[in-house]
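Protein sequences, first through last, are from chains E and X.
Be aware that the first sequence starts at -7, since it is given in my numbering, and climbs by one per residue.
Be aware that the second sequence starts at -7, since it is given in my numbering, and climbs by one per residue.
For glycine and all other residues, C-beta sits at the position ideal for the given N, C-alpha and C.
2 protein chains.
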Amino acid sequence: MKISLDCYPCFLRQALQAGRHVTADETRLKAVLDAVAGEIPRIPPGAASPVIGGIVHRIVREIAGDDDPYRRVKAENLAEARRHYPAMKDHVARSENPMAEAAHLAIAGNIIDSAVIPECDIEREIFSLADRPLAVDDTQRLCEALDGASSVLYIGDNVGETVFDRVFIEEITAPVTYVVRDRPVLNDVTVQDALDSGLGGLARILPSGSASPGAVLPECSDEFLDLFEKADVVVSKGQGNYEALSDAPRPIFFLLRAKCPVVARDLGVEVGSLVLRESHRDSDRSQPFFG
Amino acid sequence: MKISLDCYPCFLRQALQAGRHVTADETRLKAVLDAVAGEIPRIPPGAASPVIGGIVHRIVREIAGDDDPYRRVKAENLAEARRHYPAMKDHVARSENPMAEAAHLAIAGNIIDSAVIPECDIEREIFSLADRPLAVDDTQRLCEALDGASSVLYIGDNVGETVFDRVFIEEITAPVTYVVRDRPVLNDVTVQDALDSGLGGLARILPSGSASPGAVLPECSDEFLDLFEKADVVVSKGQGNYEALSDAPRPIFFLLRAKCPVVARDLGVEVGSLVLRESHRDSDRSQPFFG
């Protein structure tokens, strides 16, 4: 997905929001805004938005003087999500279709994104969301694909949401590789966050190689790209990965909440919608798509 | 009112919105964004926001190549507002307190602001708004002040809203000077717009001398400043004038809808609230305040 002109004001907004997680000093925050504004003329309209997100958050880290501005927020979100783990397991166990229910919970978990929704009340939101109809619903196709799969590449998004991913991955019998960000960016999951979410014993944890808040393919490691090409099923969580991978030449199951107007428009849904969409369902998998 | 850090992303958003009234050419719109982004490091945190609005909209006019980007929007809003004039007159005539009712209509008319609410359905909104309680309500003080006044300075805001101002001014017996912008900026009222709104026979029409979307005192003409100092009652419409005049050293009745979080916070109300607030009620009018 390419950025829209509407994304440019949002880069400044995101930078300010991220900076405020580190400092209340208006002079430093203004310096963050100035530096991001200085990048805008250098960002062409066709750029990939997670790449720009990477630039924005690098500036925030450098000027705000913290290599992980969302450290505290991530710890709080993870602690709260972990508290709900037993209730989620119970919810899934009591459902008629545990895998579908777990997938829906994993989408509902995508509300845990302090980068977009500053104060989200996880407890109140999750179970009502998990029972809400999806605006795009390829759940059956996902369950069928997972049933027959011998390898699954699962690309994670936010810390906290990771606990919901865990509940979903516990329903998957095929071996799962869980992809995390290469280093802290926004509130996105890193190797340590994945381990702290209880994913270590369930999946192989693999950094994508990209420092962007989304698995931007040209930035990803060869190991990731090899798995991305060969995995039977690829699950992509959240907006950042959708923006990075929506045009990728292979079938992908995108599980996300559409949080911004640009992404919602691209998906053809309302802002706030929950989406489980299979891309390229009819594409020819026999063709090579890299190189 | 000084700008908040939150205003900086909004300058880009406003520039894009204004530019889109002139062109759909993404290259030109990106040039507008680049130019506004280039101004951001030069705008100090303590700046007055209408001054920045003036800079932003000058850039839009120059790059988009149109000295009045909101021309069409203003004409549409004015035509629609004029259609409601008879109903508004009837509404006021049937009310128990015509002056208070007309003042509330004038506030409700402040929803006509395509700069902030892109598609506003005037017909549906107005009468329900006029009957809504105000979040700050100095209506009685305003009516008393107008009853005893021998001169009123009324500072206009958006085209279309001007017709609502007309209904209110028709209830005022004292001579009224109606202040307009010096030249087209945003969808704000100019001399011609005031005449087209039917204000010519009711009030003296005076350009403020400021090219900003708000009566920024250091930019205003001596004639305006003299009237601003001496008028028995000053009525200020809308956010732009509130931002320009909220710290001015004389009593002012501010009639507006708080449309953005920064202004709402300054007023201590929720976004969307209708406000009729007298400032400096207890200030000492015997002291000179210019000079």
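Around Leu70/X, the same chain offers Val151, Gly152, Thr154, Val155, Asp185, Asp188, Ser189 as residues with beta carbons nearer than 8 Å, after the five sequence neighbours per side are excluded. Within the DSSP secondary-structure output, Phe245/X pairs in a beta bridge with Val227/X, Glu270/X. Here the segment 33 to 43 of chain E makes no contact with the segment 15 to 23 of chain E; the two share fewer than three CB pairs at distances below 8 Å. With the criterion set as a beta carbon lying under 9 Å from some beta carbon of chain X, the segment 214 to 236 of chain E has no members that meet it. Annotation: Cβ neighbours of Asp26/X in chain E (cutoff 7 Å, chain order): Ile32, Pro33. Measuring C-alpha to C-alpha distances from Leu178/X to each of Ala23/X, Lys(-6)/X, Ile47/X, Ala27/X identifies Ile47/X as the nearest.
When DSSP states are grouped into helix, strand and coil, Arg64/E belongs to the helix group. Arg5/X belongs to the set of residues whose beta carbon lies under 8 Å from a beta carbon in chain E. By the Cβ criterion, the segment 22 to 36 of chain X is not in contact with the segment 61 to 76 of chain X, since fewer than three pairs of Cβ atoms, one from each stretch, lie closer than 8 Å. For Val263/X, there is no enclosing alpha helix (DSSP H), as DSSP marks it with neither H nor E.
Take Val52/E, set aside five residues on each side of it, and the residues of its chain with a beta-carbon closer than 7 Å to its own are Ala7, Ala10, Gly11, Val24, Pro61, in chain order. Distances from the CA of Asp129/E to each of Ile32/E, Phe245/E, Glu31/E were compared; the closest alpha carbon is that of Phe245/E. In this structure, the straight-line span from the alpha carbon of Ala100/X to that of Pro241/X is close to 27 Å. In this structure, DSSP gives Pro1/X a helical state, which the three-state scheme calls helix. With fewer than three CB-CB distances shorter than 8 Å, the segment 77 to 84 of chain X does not count as touching the segment 137 to 149 of chain X. DSSP places Val181/X outside both helix and strand once states are collapsed to three, so it counts as coil.
In chain order, Leu4, Leu25 make up the part of chain X whose C-beta sits under 7 Å from the C-beta of Tyr0/E. In the three-state reduction of the DSSP assignment, Asn89/E falls in the coil class. For the pair of segments examined, the segment 220 to 229 of chain X was found to touch the segment 242 to 261 of chain X: the number of CB pairs separated by less than 8 Å reaches three.
In terms of CA proximity to Ala166/E, Ala141/E leads the group Asp157/E, Ala141/E, Val84/E, Asp218/E.
Within 7 Å of the CB of Ala29/E, the CB atoms of chain X belong to Ala29, Ile32, Pro33, in sequence order along the chain.
Scanning its chain for C-beta atoms nearer than 6 Å, with the 5 sequence neighbours on each side dropped, one finds around Glu235/X the residues Met(-7), Ser41, Pro42, Gly206, in chain order. With 16 or more neighbouring CB atoms inside 10 Å of its own CB, Val208/X falls in the buried class. Excluding sequence positions up to five before and after Ala92/X, its CB lies within less than 7 Å of the CB of Thr131, Cys135, all in the same chain and listed in chain order. The C-alpha of Leu138/E is placed about 26 Å away from the C-alpha of Asp174/E. Thr169/E sits in a strand when the DSSP states are folded into three classes.
In this chain, Val14/E is not harboured by any beta strand (DSSP E), its DSSP state being neither H nor E. For the 8 Å CB-CB criterion, Ala195/E and Ile161/E form a contact.
A straight line joining the alpha-carbon of Pro36/E with that of Asp157/E spans about 34 Å.
Among the bridge pairs identified by DSSP, Tyr146/X is matched with Tyr170/X, Val227/X. Counting the other Cβ atoms within 10 Å of the Cβ of Val84/E gives 16 or more, which makes it buried.
Closest in alpha carbon position to Ser(-4)/E, among Ile104/E, Glu54/E, Ile32/E, is Ile32/E.
For Glu211/E, the number of other beta carbons within 10 angstroms of its own is at least 16, and it is reported as buried. Contact of Lys251/X with chain E is not assigned, every C-beta pair being separated by 8 Å or more.
Ala207/E carries a coil assignment under DSSP once its states are collapsed to helix, strand and coil. What Leu(-3)/X touches in chain E, judged by beta-carbon distance under 8 Å, is Leu8, Glu18, Leu21, Lys22, Leu25, going in chain order.
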